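As you go down the protein sequences, you meet chains A and B in turn.
Its first residue numbered 1, the first sequence is counted upward by one per residue in UniProt numbering.
Its first residue numbered 1, the second sequence is counted upward by one per residue in UniProt numbering.
The beta carbon of each residue, even a glycine, is placed where N, CA and C say it ideally should be.
All values derive from a computational prediction rather than experimental measurement.
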Amino acid sequence: MLRAQGKAVHQCDQGWVPVFVDQEQSISLMSVGFLLENPNEAVVWRGPKKHALIKQFVSDVAWGELDYLVVDTPPGTSDEHMATVEALRPYRPLGALVVTTPQAVSVGDVRRELTFCRKTGLQVIGVVENMSGFVCPHCADCTNVFSRGGGEELAQLAGVPFLGSVPLDPQLTRSLEEGRDFIQEFPKSTAYAALTSIAQKVLHRMPALHS
Amino acid sequence: MEEAPHGCPGADSAQAGRGASCQGCPNQRLCASGAGAAPDPAVEEIKEKMKTVKHRILVLSGKGGVGKSTFSAHLAYGLAEDGDTQVALLDIDICGPSIPKIMGLEGEQVHQSGSGWSPVYMEDNLGVMSVGFLLSSPDDAVIWRGPKKNGMIKQFLRDVDWGDVDYLIVDTPPGTSDEHLSVVQYLAAAHIDGAVILTTPQEVALQDVRKEISFCHKVKLPIIGVVENMSGFICPKCKKESQIFPPTTGGAEAMCQDLKIPLLGKVPLDPLIGKSCDKGQSFFIEAPDSPATAAYKSIIQRIQEFCSSRQSHNENLISS
Numbered sequence: 001m002l003r004a005q006g007k008a009v010h011q012c013d014q015g016w017v018p019v020f021v022d023q024e025q026s027i028s029l030m031s032v033g034f035l036l037e038n039p040n041e042a043v044v045w046r047g048p049k050k051h052a053l054i055k056q057f058v059s060d061v062a063w064g065e066l067d068y069l070v071v072d073t074p075p076g077t078s079d080e081h082m083a084t085v086e087a088l089r090p091y092r093p094l095g096a097l098v099v100t101t102p103q104a105v106s107v108g109d110v111r112r113e114l115t116f117c118r119k120t121g122l123q124v125i126g127v128v129e130n131m132s133g134f135v136c137p138h139c140a141d142c143t144n145v146f147s148r149g150g151g152e153e154l155a156q157l158a159g160v161p162f163l164g165s166v167p168l169d170p171q172l173t174r175s176l177e178e179g180r181d182f183i184q185e186f187p188k189s190t191a192y193a194a195l196t197s198i199a200q201k202v203l204h205r206m207p208a209l210h211s
Numbered sequence: 001m002e003e004a005p006h007g008c009p010g011a012d013s014a015q016a017g018r019g020a021s022c023q024g025c026p027n028q029r030l031c032a033s034g035a036g037a038a039p040d041p042a043v044e045e046i047k048e049k050m051k052t053v054k055h056r057i058l059v060l061s062g063k064g065g066v067g068k069s070t071f072s073a074h075l076a077y078g079l080a081e082d083g084d085t086q087v088a089l090l091d092i093d094i095c096g097p098s099i100p101k102i103m104g105l106e107g108e109q110v111h112q113s114g115s116g117w118s119p120v121y122m123e124d125n126l127g128v129m130s131v132g133f134l135l136s137s138p139d140d141a142v143i144w145r146g147p148k149k150n151g152m153i154k155q156f157l158r159d160v161d162w163g164d165v166d167y168l169i170v171d172t173p174p175g176t177s178d179e180h181l182s183v184v185q186y187l188a189a190a191h192i193d194g195a196v197i198l199t200t201p202q203e204v205a206l207q208d209v210r211k212e213i214s215f216c217h218k219v220k221l222p223i224i225g226v227v228e229n230m231s232g233f234i235c236p237k238c239k240k241e242s243q244i245f246p247p248t249t250g251g252a253e254a255m256c257q258d259l260k261i262p263l264l265g266k267v268p269l270d271p272l273i274g275k276s277c278d279k280g281q282s283f284f285i286e287a288p289d290s291p292a293t294a295a296y297k298s299i300i301q302r303i304q305e306f307c308s309s310r311q312s313h314n315e316n317l318i319s320s
């Protein structure tokens, strides 16, 4: 998605060097994707091996001076999630952004994710409702393709902040597919407005997580 | 096994307990003794149990959120429309068990009898099992590592009294990890007819499907075919079609042609699908005239044909 496919990860004295995805070198990336010889190769690992790699991603990567480390996780409440919380626990502030889609079936699973956060002592920065409505490019009518309202309801139920909804935007999907900079190219899109508003709220809430 | 070191050769490899990375690992002695490589007796027990099950189908996806559980539920509904066909649906997504909600079975309990656990019956000919039925609250999280999830899957396959079943459908979580390895290993002696792989049209999803296909090849799991979900959206107001998830690299069609794997069909995005699932209703009943229903029905028929042709093939092999 960040147009970094095929890049290689090198070693330096401080550890593995993450891959920079932009000219200004403001965003660096580490992924198991960089360690695969063939992008179509399946990573068929059981829990312990995944756990070990995640620990290495935290301790053995030369991240350098960072303002924010964002960790993208797979769905679930298993090895990867436990490994990440364990590895990052010594560092503050640490918080979770919980993403759901609007429909009740998704909210049904994400409720359990919020329980995971509570049980592991992971503070929730807030809930984001993704794929929230689709504006037809032909007639501008908005359809709630995946229903609506679930994210806000979930946040209320769990007593955590609701950070906002991001609509379905095929331009965003296309940009990700082609590794283009959505923020640069489509500043007028409703998804852009939603994403920047959520980012602002996250920045605003981070200092409060220190305690 | 709790934690393996980086470079762990695997408990069942020839190097188990003997590799350089094994030094200092708490499981070293166990692995070196060959205990890790001993076949699990459950595999044979499951083979016995599976004698009353005619066909076993896995539903896989590389990526989350592509509609796998929705598809599994509707595959079950579709097959069970014929009252003489016995269908069983097993949900092995231990951390995110959505099947009970999708099928309107939330709050149902699993009962034990002399012959094992009873599945929850949606209809007389459609039984369902999920970890969701074992959780007391919708907020309960299953925070388990791989080995514990594997234990649950073993129990589901060995201890559930499925009875005489024509089709056992196994809904999986996304990816290629513990759950997938376990279900393939535990059913090794019983044989899986094949896997149906779900995707959405965009390249980011297809990349993960290619990995899923590679997994199937690695574990010698036949592939029934690929289903492209959320394939086009018809605006309910102006009726024009748009692509919410644009097939920038040709979608599943191009990928299937490339990899010589059948494309079972494309299901368009109908907002009623999500709504039906949220209500725990079958979409086929809520929207019988939707193009999505027609697409599903055609795909289900192709899956049945695949299973029947395998059955005839195996019968010919036995009689020849």
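- Judged by their CB atoms, Val183 (chain B) and Ile197 (chain B) are not nearer to each other than the 8 Å cut-off.
- In the assembly as shown, Leu66 (chain A) is an exposed residue. Its beta-carbon has fewer than 16 other beta-carbons within 10 Å.
- Across the region 45-63 of chain B, CB contacts with chain A closer than 9 Å involve Gly62, in sequence order along the chain.
- Secondary structure remark: continuous alpha helix (DSSP H) runs of at least 4 residues inside the region 116-178 of chain A, in chain order: 150-158 and 170-178.
- Residue-level contact by beta carbon holds for Gln202 (chain B) and chain A, with a gap shorter than 8 Å.
- Any Cβ of chain B closer than 8 Å to the Cβ of Asp109 (chain A) would place that residue at the interface, and such an atom is present.
- Under the three-pair Cβ rule at 8 Å, the region 110-121 of chain A does not count as touching the region 211-223 of chain B.
- Residue environment analysis places His51 (chain A) among the buried positions, since at least 16 neighbouring C-beta atoms fall within 10 angstroms of its C-beta.
- Taking 8 Å as the cut-off, the Cβ atoms of Val21 (chain A) and Ala62 (chain A) do not count as close.
- When C-alpha distances from Thr77 (chain A) are compared across B:Ala38, B:Lys148 and B:Ile223, the shortest belongs to B:Lys148.
- A Cβ-Cβ contact shorter than 8 Å links Arg56 (chain B) with Leu187 (chain B).
- Three or more beta-carbon pairs separated by less than 8 Å link the region 152-168 of chain B to the region 125-139 of chain B, which places the two stretches in contact.
- Burial is judged here by how many other beta carbons sit within 10 angstroms of a residue's own beta carbon; Asp93 (chain B) has at least 16 and is buried.
- Contact note: Asp79 (chain A) reaches chain B through Arg145 and Gly146, using a C-beta cutoff of 7 Å and chain order.
- With a cutoff of 8 Å on beta-carbon distance, Leu154 (chain A) and Val128 (chain A) are scored as not near each other.
- Between Ala76 (chain B) and Ile169 (chain B), the beta carbon gap of about 6 Å places them in contact (Cβ cut-off 8 Å).
- Annotation for His10 (chain A): no alpha helix (DSSP H) segment contains it, though the beta strand (DSSP E) segment containing it runs His10 to Cys12.
- Going by DSSP, His111 (chain B) is part of the beta strand (DSSP E) stretching over His111 to Ser113.
- Unbroken beta strand (DSSP E) runs of no fewer than 3 residues, entirely contained in the region 281-317 of chain B, are not found.
- Residues of chain A with a Cβ closer than 7 Å to the Cβ of Pro291 (chain B) do not exist, since the nearest Cβ in that chain sits about 15 Å away.
- Contact check for Ala194 (chain A) and Leu172 (chain A): beta-carbon distance about 10 Å, past the 8 Å limit, so the pair fails to qualify.
- Contact between Ser177 (chain B) and Arg46 (chain A) holds, since their C-beta atoms are separated by about 7 Å, short of 8 Å.
- Between the region 228-236 of chain B and the region 263-270 of chain B there are three or more inter-stretch CB-CB distances shorter than 8 Å, so the stretches are counted as touching.
- Shown here, Arg46 (chain A) sits in coil according to DSSP, grouped into three states, outside any helix or strand.
- Short of 6 Å from the beta carbon of Pro247 (chain B), and not among the five residues preceding or following it, lie these beta carbons of its own chain, in chain order: Pro201.
- Its chain contains Leu97, Ile125, Gly126 and Leu163 as the residues whose beta carbon lies nearer than 8 Å to that of Val202 (chain A), once the 5 sequence neighbours on both sides are disregarded; these appear in chain order.
- Annotation for Ala195 (chain B): the continuous beta strand (DSSP E) segment containing it runs Gly194 to Thr199.
- Residues Leu2, Phe20 and Val21 of the same chain have their beta carbon placed closer than 8 Å to that of Ile27 (chain A), with the five preceding and five following residues left out of the count.
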